[in-house]
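Numbering (UniProt numbering), first residue to last: 1 to 121.
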Amino acid sequence: MVAIRSIKGFLFVLILAVTSMIFTPLFLGPTLILSWLKPRWFRFINDSLVTVWLEYMLDVKIILTGEKPARYENSIIIMNHRCRLDWMFFWCVMARSSELALRNEKILMKRELKYIPGPGE
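So this is what it looks like as C-alpha cells:
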C-alpha cells in the first residue's frame, strides 16, 4: 500500500512539473500584455486558468464545508505546511471560497525562507 501511494505521489509531481512547463508559456504567456493594459483582467484570467489546471487537468478535488467567509471581510489564515504543494491547493480553496479572495491574497513567509531559491529572493 505504501508503494502504491509513493508511486501515485511521484506521478502527480511528475505530471505537475511537465504540465507546468508546458502550461505556463502556452496559456499564461499570451496574457502578459493584459498585465499592463488591464491588470484586473490579467489576474482574473490567470487565476481562472490556474484553478482549471489544478482542478481539472490534475484532478484535484476541493470540498469546502462550514461557513462561507463574508465577501468583504478581512481574514488571516495561518498554514503549517505538510508538503511543498500546499500553496497550490490553497489557491483552489481561495478560488472556490470567493471570487475576490484569490485576487486579494497576500502571502507572508518566515524570514529564514527568503533565502531559498524559488519562493525566496
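Glycine is no exception: its CB is placed at the ideal position from the N, C-alpha and C atoms.
By the criterion of at least three beta-carbon pairs nearer than 8 angstroms, the stretch 47 to 58 is in contact with the stretch 10 to 27. Counting of Cβ neighbours within 10 angstroms places A95 among the buried residues, the total reaching 16 or more.
The three-state secondary structure of G9, taken from DSSP, is helix. Residues of the same chain with a CB within less than 6 angstroms of the CB of L34, apart from the 5 flanking positions on each side, are W41 and F42 in chain order. The shortest CA-to-CA distance from I15 to any of W91, D59 and E112 is the one to D59. With contacts defined by Cβ atoms closer than 9 angstroms, N46 and L28 form a contacting pair.
Annotation: I78 is outside any alpha helix (DSSP H) and is labelled neither H nor E by DSSP.
In chain order, D86 and F90 place their CB closer than 8 angstroms to the CB of M79, counting only its own chain and leaving out the 5 sequence neighbours on each side. Taking 9 angstroms as the cut-off, the beta carbon of F23 is found closer than this to the beta carbon of M57. Contact check for L49 against V93 fails: the beta carbons are separated by 9 angstroms or more.
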